Amino acid sequence: MPRLPIAQPLSQLPFSQACENNKAPILAVLTQAFSLNQHVLEIGSGTGQHAVFFATNLPHLIWQTSDKAEYIEIISARCEQEGGLLKAAANLALPLILDVTAPWPVEGLTPDIDGVFTANTLHIMSKNMVEAFFTGLGLYLPQLKTLCIYGPFNYQGEFSSDSNRQFDSFLKQRDPASGIRNIEWICSLASEQGLTLKQDVAMPANNRLLHFVRG
Numbered sequence: 029m030p031r032l033p034i035a036q037p038l039s040q041l042p043f044s045q046a047c048e049n050n051k052a053p054i055l056a057v058l059t060q061a062f063s064l065n066q067h068v069l070e071i072g073s074g075t076g077q078h079a080v081f082f083a084t085n086l087p088h089l090i091w092q093t094s095d096k097a098e099y100i101e102i103i104s105a106r107c108e109q110e111g112g113l114l115k116a117a118a119n120l121a122l123p124l125i126l127d128v129t130a131p132w133p134v135e136g137l138t139p140d141i142d143g144v145f146t147a148n149t150l151h152i153m154s155k156n157m158v159e160a161f162f163t164g165l166g167l168y169l170p171q172l173k174t175l176c177i178y179g180p181f182n183y184q185g186e187f188s189s190d191s192n193r194q195f196d197s198f199l200k201q202r203d204p205a206s207g208i209r210n211i212e213w214i215c216s217l218a219s220e221q222g223l224t225l226k227q228d229v230a231m232p233a234n235n236r237l238l239h240f241v242r243g
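Just so we're aligned: the sequence shown equals residues 29 to 243 in our numbering.
1) Across which residues does DSSP place R193 in a beta bridge pair?
2) How is the beta strand (DSSP E) around M46 delimited, first residue to last?
3) By the three-class DSSP mapping on this structure, what secondary structure does M231 have?
4) Could you pull out every unbroken beta strand (DSSP E) segment of at least 3 residues lying fully inside the stretch 118 to 180, listed in chain order?
5) Identify the continuous beta strand (DSSP E) that holds Q92 and give its terminal residues.
6) Just how far apart, CA to CA, sit L86 and E212?
7) Taking C-alpha atoms, which residue in A46, H88, E101, R202 lies nearest to H78?
8) Which residues mark the beginning and the end of the alpha helix (DSSP H) in which L217 is found?
9) Considering only the beta carbon of each residue, do P131 and L124 sit closer than 9 Å?
10) Can you tell me whether D228 is buried or exposed? The criterion is at least 16 other CB atoms within 10 Å of its CB, across all chains shown.
11) Tell me, please, whether the stretch 136 to 151 touches the stretch 58 to 72 by the rule of three or more beta-carbon pairs shorter than 8 Å.
12) Looking only at C-alpha atoms, which of L122, M231, G222 sits nearest to L167?
13) Which residue or residues does DSSP assign as beta-bridge partners of Y183?
14) Taking the C-alpha atoms as reference points, what is the distance between D127 and D95?
15) So for I71, helix, strand or coil by DSSP?
16) Throw me the rounded Cβ distance for the M157 and T174 pair, which I believe falls under 8 Å.
17) Return the first residue and the last residue of the alpha helix (DSSP H) that A205 is part of.
18) State the Cα-Cα distance for the pair R88 and Y99, rounded to the nearest angstrom.
19) Is A118 buried or exposed, if buried means 16 or more other CB atoms sit within 10 Å of its CB?
20) Determine the extent of the alpha helix (DSSP H) in which Q77 is found, giving its start and end residues.
21) Less than 8 Å between C-beta atoms, sequence neighbours within five positions excluded: which residues of the same chain meet that for Q171?
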């Protein structure tokens with residue numbers, strides 16, 4: 029993908045404190061979960077903070093960023109600036125435009141992509157978008173071996189904490205189609221694509237990291 033002009037200095041790029049708080053605990057799980065993978069696609073790279081950190085600390089992987097079109101310039105800027113400073117450029121790929129409800133960029137999804145990571149996305153998506161996310165994994169990534177999803181989840185329709193209940197209410201006030209998803213439904217959608225839950229790891233701030241494998 030061609031390089032985009034860097035519109036803002038690194039210090040002025042959007043910054044997520046939550047990404048800073050959770051990146052080390054997530055890395056501890058990904059180090060094992062992606063130990064046999066070679067090329068990981070991150071869906072919903074956001075500010076790009078996770079991508080730079082994981083690419084730096086998982087040098088055996090090519091880390092492919094992606095997001096909707098409106099976030100591409102921000103992610104590109106962080107990858108080029110911060111990634112360059114941390115010498116992660118060798119295995120950190122500039123973002124692809126990827127909207128789960130539209131045809132994925134098949135040209136950019138090389139045949140060696142064997143892992144997918146996404147963080148704090150499924151509760152932002154509508155239910156139809158979550159279904160499209162999993163359908164896309166089967167349609168465009170038949171070679172996928174490992175899927176890791178980070179975020180809050182409900183169990184048997186129940187919130188795991190009062191803070192998650194409050195967060196779900198906040199999400200629905202902003203967008204009634206969003207909300208914390210039931211893990212049983214997520215596992216069912218994954219199973220339809222041949223993916224089985226291997227680990228459900230407790231994470232900080234009442235979040236989870238779901239590690240799925242195929243085969």
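No residue lacks a Cβ here, since even glycine has one placed at the ideal position from N, Cα and C.
It should be emphasised that the depicted structure is a prediction, and the values quoted were computed from it without experimental measurement.
Answer, in terms of the structure:
1) Counting from one through the sequence shown, the residue named residue 193 turns up at place 165. R193 pairs with nothing; no bridge assigned.
2) Walking along the sequence shown from the start, residue 46 turns up at place 18. According to the sequence as given, residue 46 is Ala; it is not Met. Note, A46: premise wrong, no beta strand (DSSP E); alpha helix (DSSP H) at 45 to 61.
3) Sequence index remark: in the sequence shown, residue 231 carries index 203 (1-based). Three-state result, M231: strand.
4) Fully contained in the stretch 118 to 180 are the following beta strand (DSSP E) runs of length 3 or more, in chain order: 120 to 125, 143 to 147, 174 to 179.
5) Residue mapping note: residue 92 aligns to position 64 of the sequence shown, counting from 1. Run containing Q92: 90 to 95, per the beta strand (DSSP E) assignment.
6) Numbered from its first residue, the sequence shown carries residue 86 at position 58. Numbered from its first residue, the sequence shown carries residue 212 at position 184. Near 30 Å, if we compare the C-alpha coordinates of E212 and L86.
7) Numbered from its first residue, the sequence shown carries residue 78 at position 50. Of the candidates A46, H88, E101, R202, the one whose C-alpha sits nearest the C-alpha of H78 is A46.
8) The residue you call residue 217 lines up with position 189 of the sequence shown. Here the alpha helix (DSSP H) through L217 covers 211 to 220.
9) Residue numbering aside, residue 131 sits at position 103 when the sequence shown is read from its first letter. Residue numbering aside, residue 124 sits at position 96 when the sequence shown is read from its first letter. It is not a contact, given that the beta carbons lie outside the stated cut-off.
10) Against the sequence shown, residue 228 aligns to sequence position 200. Under this definition D228 is an exposed residue.
11) yes
12) Locating residue 167 in the sequence shown gives position 139, counting from the first residue. Answer by Cα proximity: G222.
13) Start at 1 with the first residue of the sequence shown, and residue 183 comes out as number 155. DSSP output for Y183 lists E186 as bridge partner(s).
14) The residue given as residue 127 occupies position 99 in the sequence shown. The residue given as residue 95 occupies position 67 in the sequence shown. Distance between the alpha carbons of D127 and D95 is about 7 Å.
15) Within the sequence shown, the letter at position 43 stands for residue 71. DSSP places I71 in coil when its eight states are reduced to three.
16) In the sequence shown, the residue the question calls residue 157 occupies position 129. In the sequence shown, the residue the question calls residue 174 occupies position 146. So it is not a contact: roughly 22 Å between Cβ atoms.
17) Residue numbering aside, residue 205 sits at position 177 when the sequence shown is read from its first letter. Element bounds for A205: n/a, residue is neither H nor E.
18) As a working note, residue 88 is residue 60 in the sequence shown. As a working note, residue 99 is residue 71 in the sequence shown. Per the sequence shown, residue 88 should be read as His rather than Arg. Cα-Cα distance, rounded: 26 Å.
19) The residue you call residue 118 lines up with position 90 of the sequence shown. Exposed, since its Cβ has fewer than 16 Cβ neighbours within 10 Å.
20) Along the sequence shown, read from residue 1 onward, the residue named residue 77 stands at position 49. Per DSSP, Q77 belongs to the alpha helix (DSSP H) from 77 to 85.
21) Within the sequence shown, numbered from 1, the residue matching residue 171 stands at position 143. Excluding residues within five positions, the ones whose Cβ falls inside 8 Å are P139, D140, I141, D142.
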